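These notes concern the structure reproduced below.
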Amino acid sequence: MLTIQELASVPLFSTLPARELEYLAKHAADVHLAAGEYAVHEGEERALFVVLEGRIEVTKRFDGVEKTIGWRAPGAIFGEVPIALGGPFLGNYRAAEPSRVARLEARQYYAIAAVSPEIPEAVGARARERIGGLQDLAARAPKATATIVGHQWDTACYELRRFLARNQVTFDWVKPDDPDMPSRWPALRLNDGDYPALLLDGGETLMRPQPREVARRLGLQTSARSTEYDTVIIGGGPAGLAAAVYGASEGLRTLVVEREAPGGQAGTSSRIENYLGFPNGVSGDELASRALQQAKRLGAEVLVTRNIVGIDPASGTVHLDGDDVLHARTVVIATGVTWRRLAIEGFERLIGKGISYGAARSEAGNAQDLDIHLIGAGNSAGQAALFFANHARTVTLLVRGEALEKSMSHYLIEQLRSKSNIAVELRSEVQAAHGDTHLTAIDVLDRAGATVRRRECGGLFVFIGADAETGWLPPEIARDSRGYLLTGADVLKSGRWSQGRDPYLLETSVPGVFACGDVRFSPVKRVASAVGEGSMAIAFIHQYLQLDGTAIEAARRG
8 MLTIQELASV PLFSTLPARE LEYLAKHAAD VHLAAGEYAV HEGEERALFV VLEGRIEVTK
68 RFDGVEKTIG WRAPGAIFGE VPIALGGPFL GNYRAAEPSR VARLEARQYY AIAAVSPEIP
128 EAVGARARER IGGLQDLAAR APKATATIVG HQWDTACYEL RRFLARNQVT FDWVKPDDPD
188 MPSRWPALRL NDGDYPALLL DGGETLMRPQ PREVARRLGL QTSARSTEYD TVIIGGGPAG
248 LAAAVYGASE GLRTLVVERE APGGQAGTSS RIENYLGFPN GVSGDELASR ALQQAKRLGA
308 EVLVTRNIVG IDPASGTVHL DGDDVLHART VVIATGVTWR RLAIEGFERL IGKGISYGAA
368 RSEAGNAQDL DIHLIGAGNS AGQAALFFAN HARTVTLLVR GEALEKSMSH YLIEQLRSKS
428 NIAVELRSEV QAAHGDTHLT AIDVLDRAGA TVRRRECGGL FVFIGADAET GWLPPEIARD
488 SRGYLLTGAD VLKSGRWSQG RDPYLLETSV PGVFACGDVR FSPVKRVASA VGEGSMAIAF
548 IHQYLQLDGT AIEAARRG
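Whatever position you read off the sequence shown (first residue = 1), add 7 for the working numbering.
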């Protein structure tokens, strides 16, 4: 319990009258922290803290890595910047040793400030000092974690850049003919067969590296720490990450297996405007980054560059590529969907050389001052068009149908109309793609006039829908004709359920195996619904483990 005497010993409160000190002692929270425990996380709502005992470490995440930017000793305060600016915390504050802090909510701070003007003056002065330090920190050019040397239209170089960007690793990219190559690549001399080459921050050089090797060298987790888990989540998109957050927070031993990078298809979205709690919208990679941090902080393991190659429902084993075998009491399938491919002349040859399925924010530099085209009429296509309009000279949305209203949200249609360099061409489709080393032109059919015209094209991005890739799953797991997994009532309708109870809402035809997100048979395909299903899956897993998981596991072990 806080006392008037210890609060009076804090420099900020030393001049307060006994009445105000009594108010603080009565209303401020007395927070005891174990070593490593956080007093507050970046992004949390404003409050003012006073360190009473111990030592507080100030950290901030840069390039996916949490770094120390300061310390707070007894008598020091933190939270002055959020209090002064009325915004959230810009960093994390955790105990470096067993510590004790007093926490004043904003309303409590303002109650004291109203009667003791010296308090806001002191807090404001300290806030200005802290802001100056943050500005200096922000002004420093971020140091790249890696440097890539490779040709612009080399597919391997494109895939390496995409992999680093998806995993939110800051990198420099140098083309072999760049005049500054000697100064920007202070490493081994390269031959044509070495590209793409990767120079890591520590000085290590990798020639034509594979994603898993890169991930391992960068410190990303690629191997499970155990062989026994309460739930193994397959897929690290919004549904999988939501399941990881709720599973780990509720004490389940939780593992996520992702074949490329957390975020899934949503992670490549340039802007999600209608996600609850983000009034100004949020990019897919930012949403994925926040969810990933949250899942890891709560104790979930997240593997990248790993594939699940098989599930044995009878034994509860999950097989990873590389012959790793895990035992899972439950499984959550959240593999999402993959972009549907177009069987058009020239497409396969030019993928990664000007043609992309989907589009990440990292592609903006390649679209600078070019005339680019997008194929699609859904929200993903609309969001990408708006994003690229800030970089490309012109953006043309090619739509096979006769209107956008059936497939795109109204707010996006209105925003497209407000951009002078975005054109929407209805009843149009691409017939062929042309270019030797990279895409240079496309043939576009105007279905209204039945004419084909060749156009110069600096980039083509395809958003024509997606399909579930579930052929690798065992036949015991029921799916529809397009590969989407049946759950709940749809399993009952299929006649593939033989248990003495009804399947849970998100349970597949195999007890203990759940599906959520876009891979599940459902008419709703939204980020918010995927997140909701991921959290719901954990609730059903708890019910399953309590009611029949123990008996089933005992039967498996024989």
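Just so you know, even glycine gets a beta-carbon here, dropped at the ideal spot from N, CA and C. In this text the structure is predicted, and so the values were computed from the model without any measurement.
From the options, residue whose alpha carbon lies closest to that of residue i
{"i": "cysteine 523", "options": "Leu513, Ser230, Lys532", "result": "Leu513"}
{"i": "valine 181", "options": "Glu166, Asp201, Gln159", "result": "Gln159"}
{"i": "glutamine 553", "options": "Arg461, Gly519, Ala341, Gly541", "result": "Gly519"}
{"i": "glycine 131", "options": "Glu412, Gly507, Arg110, Gly93", "result": "Gly93"}
{"i": "phenylalanine 354", "options": "His549, Gly466, Gly478, Glu412", "result": "Gly466"}
{"i": "glycine 139", "options": "Pro189, Gln115, Leu167, Val88", "result": "Val88"}
{"i": "alanine 83", "options": "Arg137, Ser123, Ser233, Asp453", "result": "Arg137"}
{"i": "glutamate 463", "options": "Ala32, Glu235, Gly361, Asn397", "result": "Gly361"}
{"i": "leucine 480", "options": "Ile340, Leu167, Gly200, Phe56", "result": "Ile340"}
{"i": "valine 17", "options": "Glu51, Ala80, Arg53", "result": "Ala80"}
{"i": "glutamate 44", "options": "Met415, Arg101, Gly478, Ser322", "result": "Arg101"}
{"i": "aspartate 443", "options": "Val289, Glu128, Val309, Arg356", "result": "Arg356"}
{"i": "arginine 191", "options": "Asp199, Ala204, Arg461", "result": "Ala204"}
{"i": "valine 108", "options": "Ser123, Thr66, Arg62, Thr75", "result": "Arg62"}
{"i": "valine 65", "options": "Phe85, Leu59, Val57", "result": "Phe85"}
{"i": "valine 344", "options": "Val338, Gly365, Gly329, Gly359", "result": "Gly365"}
{"i": "lysine 426", "options": "Gln550, Phe394, Ile279", "result": "Phe394"}
{"i": "threonine 337", "options": "Glu370, Thr515, Gln375, Lys532", "result": "Thr515"}
Which residues DSSP lists as bridging residue i, in chain order
{"i": "threonine 234", "result": "Beta-bridge pairing links threonine 234 to no other residue."}
{"i": "lysine 33", "result": "BP columns for lysine 33 are empty, so no partner."}
{"i": "phenylalanine 178", "result": "Ala153"}
{"i": "serine 106", "result": "Leu40"}
{"i": "asparagine 281", "result": "Answer is none; asparagine 281 lacks a bridge partner."}
{"i": "lysine 74", "result": "Lys67"}
Range covered by the beta strand (DSSP E) that runs through residue i
{"i": "serine 277", "result": "Per DSSP, serine 277 belongs to no beta strand (DSSP E) and is neither H nor E."}
{"i": "glutamate 1", "result": "This structure does not reach residue 1, given that the chain is present from 8 up to 565, and the question cannot be answered."}
{"i": "leucine 55", "result": "54-60"}
{"i": "alanine 204", "result": "204-207"}
{"i": "histidine 6", "result": "Not covered by the structure: residue 6. The range shown for the chain is 8 to 565."}
{"i": "glutamate 432", "result": "429-432"}
{"i": "glutamine 438", "result": "435-441"}
{"i": "arginine 462", "result": "458-463"}
{"i": "leucine 349", "result": "From DSSP, leucine 349 is part of no beta strand (DSSP E); its letter is neither H nor E."}
{"i": "tyrosine 117", "result": "Careful: tyrosine 117 lies outside any beta strand (DSSP E), inside the alpha helix (DSSP H) at 113-122."}
{"i": "phenylalanine 468", "result": "466-469"}
{"i": "histidine 380", "result": "378-382"}
Whole-angstrom distance between residue j and residue i, CA atom to CA atom
{"i": "glutamate 211", "j": "phenylalanine 468", "result": "34 Å"}
{"i": "glycine 209", "j": "leucine 225", "result": "10 Å"}
{"i": "proline 245", "j": "arginine 26", "result": "50 Å"}
{"i": "methionine 8", "j": "aspartate 37", "result": "6 Å"}
{"i": "histidine 34", "j": "threonine 10", "result": "11 Å"}
{"i": "proline 482", "j": "aspartate 497", "result": "16 Å"}
{"i": "glycine 495", "j": "glutamate 13", "result": "58 Å"}
{"i": "alanine 440", "j": "glycine 291", "result": "29 Å"}
{"i": "threonine 324", "j": "serine 276", "result": "34 Å"}
{"i": "arginine 527", "j": "methionine 543", "result": "13 Å"}
{"i": "histidine 48", "j": "threonine 312", "result": "29 Å"}
{"i": "proline 605", "j": "threonine 154", "result": "Since the displayed the chain opens at 8 and closes at 565, residue 605 lies outside it and no answer follows."}
{"i": "glutamate 73", "j": "valine 221", "result": "20 Å"}
{"i": "arginine 598", "j": "isoleucine 90", "result": "There is no way to answer for residue 598, as the model of the chain reaches only from 8 to 565."}
{"i": "alanine 457", "j": "arginine 232", "result": "60 Å"}
{"i": "glutamine 241", "j": "arginine 347", "result": "For clarity, residue 241 is isoleucine in the given sequence; the question names glutamine instead. Near 21 Å, if we compare the C-alpha coordinates of arginine 347 and isoleucine 241."}
{"i": "threonine 234", "j": "histidine 326", "result": "11 Å"}
{"i": "leucine 492", "j": "aspartate 237", "result": "22 Å"}
{"i": "glutamate 52", "j": "glycine 372", "result": "35 Å"}
{"i": "proline 24", "j": "glycine 247", "result": "53 Å"}
{"i": "threonine 22", "j": "leucine 28", "result": "10 Å"}
{"i": "alanine 148", "j": "arginine 407", "result": "With a pLDDT of 49 at alanine 148, under the threshold of 50, the predicted position of this residue should be treated as unreliable, though the coordinate-derived value follows. The straight-line gap from Cα to Cα measures roughly 44 Å."}
{"i": "alanine 194", "j": "leucine 262", "result": "38 Å"}
{"i": "tyrosine 30", "j": "proline 105", "result": "26 Å"}
{"i": "aspartate 450", "j": "valine 459", "result": "6 Å"}
{"i": "lysine 500", "j": "arginine 508", "result": "14 Å"}
{"i": "leucine 167", "j": "alanine 295", "result": "19 Å"}
{"i": "alanine 113", "j": "alanine 121", "result": "12 Å"}
{"i": "glutamine 550", "j": "glutamine 438", "result": "52 Å"}
{"i": "threonine 477", "j": "glycine 490", "result": "6 Å"}
{"i": "isoleucine 545", "j": "tyrosine 418", "result": "33 Å"}
Terminal residues of the alpha helix (DSSP H) in which residue i lies
{"i": "phenylalanine 170", "result": "162-173"}
{"i": "arginine 356", "result": "354-357"}
{"i": "methionine 543", "result": "534-551"}
{"i": "valine 498", "result": "496-501"}
Within the chosen definition, does the segment 368-381 reach the segment 393-404 through at least 3 CB pairs nearer than 8 Å? yes
Would you check if the segment 256-263 and the segment 278-289 touch, i.e. whether three or more CB-CB distances between them fall below 8 Å? no
Taking 8 Å as the threshold, find out whether the segment 292-309 comes into contact with the segment 321-338 through three or more Cβ pairs. no
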